[in-house]
Structures are given as C-alpha cells and as structure tokens.
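Going line by line, the protein sequences match chains A and B.
Counting from 1 along the first sequence, just add 496 to a position and that's the residue number in this note's numbering.
Counting from 1 along the second sequence, just add 11 to a position and that's the residue number in this note's numbering.
All C-beta atoms in this analysis are idealised placements derived from N, C-alpha and C, irrespective of residue type, glycine included.
Only a predicted model underlies this, so the values are computations on that prediction, with no experimental measurement involved.
See structure below.
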Amino acid sequence: MLSVSSVAIKLLKVVNMEYEVVIGLETHAELATITKLFCGCSTKFGAEPNTHVCPICLGMPGVLPVMNKKAFEYALKAAVALDCEINRFTNFDRKSYYYPDLPKNYQISQNYYNLGIDGHMNMSVNGSIKKIRIHNVHLEEEAGKLIHPEESGADYSLVDFNRAGVPLLEIVSYPDMRTVDEVESYMQTLRKILLYTEVSDCKMQEGSLRFEASISLRKKGSDKLGNRVEIKNLNSMKSVIKAIEYEAIRQSELLDRGETIDRETRLWDEVGEKSQRMRSKEESQDYRYFPEPDLLPVLIDEKWLSAVKNSIPELPLARKQRFIEACKLSDYDAGILTEEKVLADFFEECVKILERPKSFSNWIINDLLREVKDRKLDISNLPIKPRQLAALVEIIEKGTISSTIAKEVFSDMIQTGNDPQKIIEEKGMAQISDEGLIESVIDKIIAANPNVIEDYKKGKKNALAFLVGQVMKETKGKANPKMVNEKLAKKVGV
Amino acid sequence: MKIDKKTIEYIANLSRIELSNQEKETFVHQLSDILAYIEKLNQLNTQDIKPMAYSINTTNVLRDDKLEPPISREDALVNAPSTMGVFFKVPKVIE
Numbered sequence: 497m498l499s500v501s502s503v504a505i506k507l508l509k510v511v512n513m514e515y516e517v518v519i520g521l522e523t524h525a526e527l528a529t530i531t532k533l534f535c536g537c538s539t540k541f542g543a544e545p546n547t548h549v550c551p552i553c554l555g556m557p558g559v560l561p562v563m564n565k566k567a568f569e570y571a572l573k574a575a576v577a578l579d580c581e582i583n584r585f586t587n588f589d590r591k592s593y594y595y596p597d598l599p600k601n602y603q604i605s606q607n608y609y610n611l612g613i614d615g616h617m618n619m620s621v622n623g624s625i626k627k628i629r630i631h632n633v634h635l636e637e638e639a640g641k642l643i644h645p646e647e648s649g650a651d652y653s654l655v656d657f658n659r660a661g662v663p664l665l666e667i668v669s670y671p672d673m674r675t676v677d678e679v680e681s682y683m684q685t686l687r688k689i690l691l692y693t694e695v696s697d698c699k700m701q702e703g704s705l706r707f708e709a710s711i712s713l714r715k716k717g718s719d720k721l722g723n724r725v726e727i728k729n730l731n732s733m734k735s736v737i738k739a740i741e742y743e744a745i746r747q748s749e750l751l752d753r754g755e756t757i758d759r760e761t762r763l764w765d766e767v768g769e770k771s772q773r774m775r776s777k778e779e780s781q782d783y784r785y786f787p788e789p790d791l792l793p794v795l796i797d798e799k800w801l802s803a804v805k806n807s808i809p810e811l812p813l814a815r816k817q818r819f820i821e822a823c824k825l826s827d828y829d830a831g832i833l834t835e836e837k838v839l840a841d842f843f844e845e846c847v848k849i850l851e852r853p854k855s856f857s858n859w860i861i862n863d864l865l866r867e868v869k870d871r872k873l874d875i876s877n878l879p880i881k882p883r884q885l886a887a888l889v890e891i892i893e894k895g896t897i898s899s900t901i902a903k904e905v906f907s908d909m910i911q912t913g914n915d916p917q918k919i920i921e922e923k924g925m926a927q928i929s930d931e932g933l934i935e936s937v938i939d940k941i942i943a944a945n946p947n948v949i950e951d952y953k954k955g956k957k958n959a960l961a962f963l964v965g966q967v968m969k970e971t972k973g974k975a976n977p978k979m980v981n982e983k984l985a986k987k988v989g990v
Numbered sequence: 012m013k014i015d016k017k018t019i020e021y022i023a024n025l026s027r028i029e030l031s032n033q034e035k036e037t038f039v040h041q042l043s044d045i046l047a048y049i050e051k052l053n054q055l056n057t058q059d060i061k062p063m064a065y066s067i068n069t070t071n072v073l074r075d076d077k078l079e080p081p082i083s084r085e086d087a088l089v090n091a092p093s094t095m096g097v098f099f100k101v102p103k104v105i106e
C-alpha cells in the first residue's frame, strides 16, 4: 500500500511530467419509483431477502414485462436536465451475459436507441466553469445482489433478488475529465442535478448512486487515446478518487517500463487501497444486443416532452449563478446555499419576505448550518421557518436588539421554535432606546471615571470606546449602541 | 462466416459451458450448417425495405407506478435447483 504522501508525489509526477490522464465516468442511479421497472414489486431498500419478488423479476418463463411510466419519465427528465438530444423513438434491448445475479441471463437495457444522446453538463472547477459532454443516458434494470459467505473454502454464493428489476438510470460521460478535481466536481454536480430533479435519492450507502471510472493515459500533446481500464466496486466518492490516483500511477509505471496497457476491468479493493484484474473486457458484440421482443417501443411526442421539460426546476449551477448576480452573494456563499435544494428554497423564501439577501446568507451559513451540524438537525425539517428568520432580521434592523443579543435569540428560536418577538419579550431582551435612561447611565459612568475623561481630553481617542463599553456593561448589553456612542460623544464634548 | 473450433470455444466460454473435444467437432459442423441455411436470406433483395424489429404496430404500453403483491418467498424458492435458508444458492462466483 502506498502512503498518502507518496501517492501525492507520484501523481504529481504523472500529471506534471509526461502524461495526460484521461477519465470518463459511468454513473448508475436507482430511480425513486415505488415499484420496479417491469413489475409491481416494491423497490424499498432493506427488506428481508427474496420477499420483493414475483415471476417477472425472477425471470420465470412465459411472463411479460410492462414498463413503469414513472421510471420512464424520471429517466426522460434526467436526460433533458443533462441537455441530451432526446430520441423520440426509443426502444429496449436485451444485453446477454451470464452471471448468477441476473435471473434471465440477459439484462433489459437500451443500446440502439438510447433515451438521450449527446448531452452535456456544466460544472464549476476551482472557480471556473467546465463543460463535460454526456455520451448517452439510458434506462435499464438493476441486477440482484450476490452474497459471498465468509467461511473460508465455501464453494457457493447466495442470491437475493429483491433488487433485481429496480429501475436504473445509466449516465455515460465522454472521457472529458483530466484531473481528480474535475472528477470530484462531476460527481457532486451530477448528484445535485439528480437530487434537484428528484429522480433519485442518491443514497450512496444504499447503493442508489454508483460510479465506475475508465482511465487511460497518453503522452502529453498526443491526440490518440490509450487503452482504457475500467474500475468497478467504487463504493464512495472517496474510493473513486483514490482508485483513479492509483490507476494513473500504475499505468504510468507500466508505460515508463515500456510495457503496454491491457484493456481490462479491475476491481477496487477498498481496504487494501489497490485494484485487481477482474476479467478481460467482453467486447460489446459479445453482449449480442437485440431489440427486446416483450416490450414495445416508446414514442415521445412534443406534448409529453414539453411537460417533462416544464417539470424541471432551475438546476443548482444556474441557481448559484443567479444568487451571485441578483443577490450579490460571493461564489462561496452561493455555492453553500445551493448545495441542497431545501436550503436554497429556505433562503429564497426569506428574501421573498424581506429583501436582505446578504443578511440571510450570513445567518444561514454561519448560524443555521452550525446549529444543523451541532444538533444533527434534519435540513428538510428545520425547527425555524423562513418567516421567523425574516422577523429576526427585521427586529435587528429596527434596533430593538443588538446583534450580540440576536445570536442568543436565534439559538433560543432553534431550541424552542418560538417567534423572536415572543422570546425577546419574555426574556426582557429588548434594546434600551429610552434617551432619559441611557443619559442617566452615561452620567453615572462619567462621574465614576474622571481619569478616563481627562485622558480623552488629552487626545487619547480610544478612551471613548472604553466608556461605551462601560455603559453597555451597566445595561447588560441592552443599550442601543448607536445612541450610546452619540450621547457619550456629545457629553464629553467632541 | 466460417465456424471453426476456435469460434466454438469462444462461444462456449461466453455461454459458460464446457465442451469435450468431440462435442466441439460436432458443433463446428452443426453450426456451420445452420449458418449456411440462414444465409439463404441474403439472396433476398431488401434494398427498399425498412428495418423492422416489432411485428405489431403498437407503442407506449406503460403501467402506473403502483404496488402489486409479491409472491411468497417459499414460492419464489420452490423451483430453484439449490437454496440455502432465505437465499438462492449458486456455484461460487469467481471473478
């Protein structure tokens, strides 16, 4: 196993010196339907093994699959969101390969008329926008789950077909990525798009979002692609990055020794942080694709397509750009606010009530998200409503409470869900703006600090700040600081 | 297309089946005969004929995303050649 720093150094050598790393990603996302693609079995995760099955998803003879309309529309929605050209005539094909997690010995997928082709996705990498082309987006069925017994020497595997037939969206990128930063951004941006369009829950820990990487190296300046190696079994985004780094180094070392790269599939070993040869890649003709005779083609007319187009919300990157331009937020702040759709919605609700985007952005990023983290709150079910945060900001602007007190009120709001007005009233936190009262405190402080007044008159300007502090202390932070400043300055004669 | 022993071995590998030498010889002849028979179709002139994969002129047969009851696990497993507990049992999968 390579240590972290040696990986970093070797990788730097790979990319800085001779080679360009060429990376493409295949993404599989389970669609958020209630039932499977071709039958009414549940897609719910975590059920008892082999209880969400029926003759159709078990591949029994004589059954007839029927397409789930919702799954088809989700796939169409994702293809449109990725700016694909939509094949108005689309059909399904059998992909034949023999593997025990595939009950029919073929997978129903798409090959000749993919739902979407030639799309692209814009993403932000280190502050600039990069466009990654999408080769195709298509719909297929998920395979079952194989369980390998832990006992050593076991000569069998076990199969759970609950997952077989769950609708799966496959998104194939062009090999347009060159760095792990780009790969990271691709994964994050794609995940956000799938979440924003609500076509998948993207839970990586449940396997509903998975990536496979293909990597090849070529000499800098060359336009000929090298033999690519596909890497499977990448269970997290972190694994994707590590596996790509490992593979880039492995290939560069082979090429340095004058060896050639085999076109193959490798399996990532998460614990050992290395990859192993899995099988030499079957050629695509070996899958013997042919149109699935049990399913009829689907035609997408203008009306259907425009209904799907209209159902697509503003996508995260566009929303972020709008926040930067219309609300004058920084790139960083707008990025955080659009990270999750619910958070961006929260922010916009606030701004709709009171046009103070900068204040809301600060409150949400600095205070709300800190509370979410500390208290492990569910971001889609926050104890505070946009209306309440807007009320708090308005109260601060009116000068009813100081910003220090406001933090206390906010924390109280999170804990109790109460309105800020109620909290301020009940706890007597309102700011003192009573001129007479403030003047009497100022007189008292001046009388008690003759030396400081002397210093101030001699030109020691910061003596005034000390006096302001004393007044605030006396009033337990509740005196209106602006008023204290003005009155005090007048009294000591500026 | 010429079917030789190598082609037979290649197909056998894709199909995950083992063949004896004698079977391979038999299949070289049988598959060659089958292909030769099918190749008769090439004599037809199909120049102006559009490719067709579906014999009926219907499209868009879709169903609603509505739950249907599954079958029982006992029923699911009853016809399997081999089972273990709640699972189907298959020969060890070697990558």
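Check	Outcome
Residue from 818/A, 800/A and 972/A with nearest C-alpha to residue 576/A	800/A
Cut-off 7 angstroms between Cβ atoms - residues of its own chain near residue 690/A, not counting five sequence neighbours on either side	525, 574, 696 and 698
Chain-ordered residues of the stretch 641 to 655 of chain A with a beta carbon less than 8 angstroms from chain B	642, 643, 644, 650, 651, 652, 653, 654 and 655
Top-ranked residue by Cα proximity to residue 539/A, from 624/A, 637/A and 949/A	637/A
Beta bridge counterpart(s) of residue 102/B as assigned by DSSP	652/A
Beta-carbon proximity list for residue 772/A, same chain, < 7 angstroms, skipping 5 on both sides	762, 763 and 765
Within-8 angstroms CB hit, residue 47/B to chain A	no
Reference residue 578/A, options 560/A, 633/A and 549/A, closest by Cα	633/A
Simplified DSSP assignment, three categories, for residue 497/A	Residue placement at residue 497/A is poorly supported in this model, since its pLDDT is 45, which falls under 50; the coordinates are not used for a value here.
In DSSP terms, what residue 612/A is bridged to	582/A and 633/A
Member of 35/B, 12/B and 13/B whose CA lies at the smallest distance from the CA of residue 23/B	35/B
Secondary structure of residue 531/A, DSSP reduced to three states	strand
Given 8 angstroms, three or more beta-carbon pairs between the stretch 814 to 834 of chain A and the stretch 598 to 607 of chain A	no
Residue 571/A CB to nearest heavy atom of the ligand GDP below 7 angstroms	Of ligands this structure carries none, so the ligand GDP is not represented either.
Interface positions of the stretch 63 to 74 of chain B facing chain A (Cβ-Cβ less than 7 angstroms), listed along the chain	64, 65, 69, 70, 71, 72, 73 and 74
Contact under 8 angstroms by Cβ, residue 680/A with residue 737/A	yes
8 angstroms Cβ cutoff, residue 583/A in contact with chain B	no
8 angstroms Cβ shell around residue 608/A - same chain, five flanking residues per side excluded	587, 589, 785 and 787
Per-residue contacts from residue 548/A into chain B (C-beta, under 9 angstroms)	81
CB contact below 8 angstroms: residue 697/A versus chain B	no
Host beta strand (DSSP E) of residue 761/A (start-end)	760 to 765
Neighbourhood of residue 913/A by C-beta distance below 6 angstroms, restricted to the same chain and skipping five residues each side	879
Proximity of residue 792/A and residue 72/B at Cβ, strictly below 8 angstroms	yes
Reduced DSSP secondary structure (H/G/I, E/B, other) of residue 548/A	coil
Neighbour list for residue 530/A in chain B, Cβ cutoff strictly below 8 angstroms	76, 77 and 78
Own chain, CB closer than 8 angstroms to residue 670/A, minus 5 neighbours either side, in chain order	520, 628, 629, 630 and 631
Nearest-angstrom Cα separation, counted from residue 624/A out to residue 962/A	47 angstroms
Cβ-Cβ distance between residue 26/B and residue 742/A below 8 angstroms	no
Same chain, Cβ closer than 7 angstroms to residue 694/A, five either side skipped, listed in chain order	528
For residue 773/A: DSSP bridge partner residues	762/A
At least three beta-carbon pairs within less than 8 angstroms, the stretch 947 to 958 of chain A to the stretch 917 to 929 of chain A	no
Pairwise C-alpha distance: residue 654/A and residue 13/B	40 angstroms
Nearest-angstrom Cα separation, counted from residue 988/A out to residue 970/A	18 angstroms
Given residue 626/A as reference, the closest of 808/A, 550/A, 648/A and 682/A once Cα atoms are compared	682/A
Status (buried if at least 16 other CB within 10 Å, exposed otherwise) for residue 585/A	exposed
Chain B contact for residue 497/A (CB, 8 angstroms cutoff)	Residue confidence is low: residue 497/A scores 45 on pLDDT, short of 50, so the model does not pin down where it sits. Its coordinate-derived value is still stated next. By this cut-off, residue 497/A is not an interface position.
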